[in-house]
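Visitor:
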Ligand SMILES: Nc1ncnc2c1ncn2[C@@H]1O[C@H](COP(=O)(O)OP(=O)(O)OP(=O)(O)O)[C@@H](O)[C@H]1O
Ligand SMILES: [Mg+2]
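Residue numbers (my numbering), protein chains in the order written: chain V, 36 to 302; chain P, 1068 to 1355.
1) Confirm, please, whether the CB-CB distance from residue 46 (chain V) to residue 198 (chain V) is below 8 Å.
2) Is the separation between the beta-carbon of residue 163 (chain V) and that of residue 65 (chain V) shorter than 8 Å?
3) Apart from the five residues on each side of it in sequence, which residues of its chain come closer than 6 Å, Cβ to Cβ, to residue 9 (chain V)?
4) Please report the straight-line C-alpha distance between residue 1290 (chain P) and residue 1256 (chain P), rounded to a whole angstrom.
5) Cβ of residue 1068 (chain P) within 8 Å of Cβ of residue 1282 (chain P)?
6) Just list the beta strand (DSSP E) runs in the region 1099-1134 of chain P, keeping only unbroken ones of 3 residues or longer that don't cross its boundaries, in chain order.
7) In three-state terms, what does DSSP make of residue 1094 (chain P)?
8) Counting beta carbon pairs with one atom in the region 53-70 of chain V and one in the region 1163-1181 of chain P, are three or more of them shorter than 8 Å?
9) Along the region 1145-1160 of chain P, what residues have a CB closer than 7 Å to any CB found in chain V?
10) Kindly indicate if chain P contains any beta-carbon less than 8 Å away from that of residue 260 (chain V).
11) Answer with buried or exposed for residue 61 (chain V), where buried requires no fewer than 16 other C-beta atoms within 10 angstroms of its C-beta.
12) Relative to chain C, which residues along the region 99-131 of chain V have a C-beta separation below 7 Å, given in chain order?
13) Less than 7 Å between the CB of residue 1113 (chain P) and some heavy atom of ligand 2, yes or no?
14) Of all the residues that make up the region 1173-1195 of chain P, which are near chain V by a beta-carbon distance shorter than 8 Å?
15) Under 8 Å, Cβ to Cβ, is there at least one residue of chain V near residue 1167 (chain P)?
16) Within the 8 Å Cβ cut-off, does residue 229 (chain V) reach chain P?
17) Under 7 Å Cβ to Cβ from residue 1249 (chain P), same chain only, skipping five residues before and after it: list those, please.
18) For the beta strand (DSSP E) holding residue 1080 (chain P), just list the boundary residues, first then last.
19) Report, in whole angstroms, the separation of the C-beta atoms of residue 1317 (chain P) and residue 1333 (chain P), which I expect to be a contact under 8 Å.
20) Quick one: list the residues of chain P neighbouring residue 263 (chain V), beta-carbon separation under 8 Å, in chain order.
21) If residue 1159 (chain P) and residue 254 (chain V) are in contact, beta carbons under 8 Å, what's the gap, nearest whole angstrom?
22) Give, in chain order, every residue of the region 1261-1284 of chain P whose Cβ lies closer than 9 Å to some Cβ of chain V.
23) What does the alpha-carbon distance come out to for the pair residue 1354 (chain P) and residue 1279 (chain P)?
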């Protein structure tokens, strides 16, 4: 992955074409319904349905394989740890399904519900937010924030972070190569010695970044960044009917499913 | 010829430094002039450029004494918006001056910051990308461009502001030979077709020697030598001291002179050298 556009992966999917503001609202909707389910309803089927909807959003936007690996791995890890620790740390009643011998952890049906709901509570919003970044040009996200009256000087900071992601990756590779050529073997040795070796990568990186930050500040100033109170956007974001419809569709889906599932599929 | 830049007795000392980086420097550059600024590393070239831009002391804190004029503007006390109408700068490292994630956005960025109308921005971006030869790459990310293309993009983004003066601080020093050629050709194009006033810091001279009006040689925070290329290279220049190499033909001529060959003048370009050598041969043929 070169991250040449930050996290953005160019494409022409539905999610690529909707207004970034609609995507942000959608992600907030996912967050709200996930929190509600994970904390109050605790219905893993409903949680799983929200999770499936964000996965569909992600897959339909055809990201690079990096993202599949990342979220595949993350999903497995979070489900695993959630199933391991929630039942152990919160004593709940319910039908015991399984008891771990020595440790004495009881897996009741309630515990399983809790664990799954909590896992989906974490996973769905993360994937939804990532989908925003994967399908929106950083410049459009910037414009979305400015349209919502965020001060533009502040709103540009995360955009710069995205822009310089590839630069930082190249810098890290260069430093690691340079240190390797001086026989610094990062993959070998005890943990303390490995930590010391990573410091040998981190310190030059910070020094170079500080120098770069100064250069960047000067470059931004010479391009008039911050010179005026407001700025124009030559390609203006336009909210279309389509964006409203998609938002209504998702919100209605989440609300209707909430009612249906809690009524008829209550676990 | 109107005066584009006029500096009188300029002293610049960075905060927390004991010594001055620029020490009593004076210079004058006329409108439409193409000037090269040369000199060893650390002699204060970048400091001078940043002071003309007003970036010192506005962004980088320093003590500044003396007077700087850019047309009728005092950059030390003017706002970035005013300064940008007169003068803009391209830096050495293409990576750190590209701040967006597409070629289009990069050129539009300064225009948007200055609040230009939308249609005007689109028109200028199109026009400028044609000038620098990046049309058709609007959606590409700057990170995916070659070094020469990156620097051409950086130049495009300042050109779009239509400044009267462009300062280029070592625009080619981080580029490979191809990238260097692309950028130097572009600078010459600005010179010939648009008659922009250009102040370029450069260590290489060959590409510009026939077009440049004046060379300023800096050392220790001052201008120590100044004149058209012919005058500057008429006396031997030692690269180790000066921080730049004279044209190769001039270096050969210095050697010839040292070994006792009498040359009418020190040539600065290949054509000139050929003429001089032909002249010498003709003379010898005539006298023998
Ligand atoms: N931000 C700074 N803070 C303190 N000192 C600085 C700063 N920038 C430059 N200097 C010092 O000021 C002097 C002049 O530096 P300057 O960068 O202007 O030289 P230069 O001629 O551009 O050199 P180079 O060819 O290496 O780019 C040097 O001694 C340098 O160490
Ligand atoms: Mg410099």
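By construction, the Cβ of each residue, glycine as well, lies at the ideal position given by its N, Cα and C atoms. All values reported here derive from a predicted model rather than from experimental measurement.
Guide: For this structure:
1) no
2) yes
3) Nothing in the structure corresponds to residue 9 (chain V), since chain V is present only between 36 and 302.
4) 28 Å
5) no
6) Listed in chain order, the complete beta strand (DSSP E) runs (minimum 3 residues) inside the region 1099-1134 of chain P are 1101-1105.
7) strand
8) no
9) Cβ contacts with chain V: 1146, 1147, 1148, 1151, 1155, 1156, 1158, 1160.
10) yes
11) buried
12) In the displayed structure, chain C is absent; the protein chains listed are V and P.
13) yes
14) 1175, 1176, 1177, 1178, 1179, 1180, 1181, 1182, 1183, 1184, 1185, 1188, 1189, 1192
15) Residue-level contact by beta carbon holds for residue 1167 (chain P) and chain V, with a gap shorter than 8 Å.
16) Interface annotation, residue 229 (chain V): not in contact with chain P, CB-CB separation never under 8 Å.
17) Answer for residue 1249 (chain P): 1215, 1219, listed in chain order.
18) 1070-1081
19) 5 Å
20) 1148, 1180, 1181, 1182
21) Their Cβ separation, rounded to whole angstroms, is 11 Å, which puts residue 1159 (chain P) and residue 254 (chain V) out of contact at 8 Å.
22) none
23) Between residue 1354 (chain P) and residue 1279 (chain P), the C-alpha separation is close to 37 Å.
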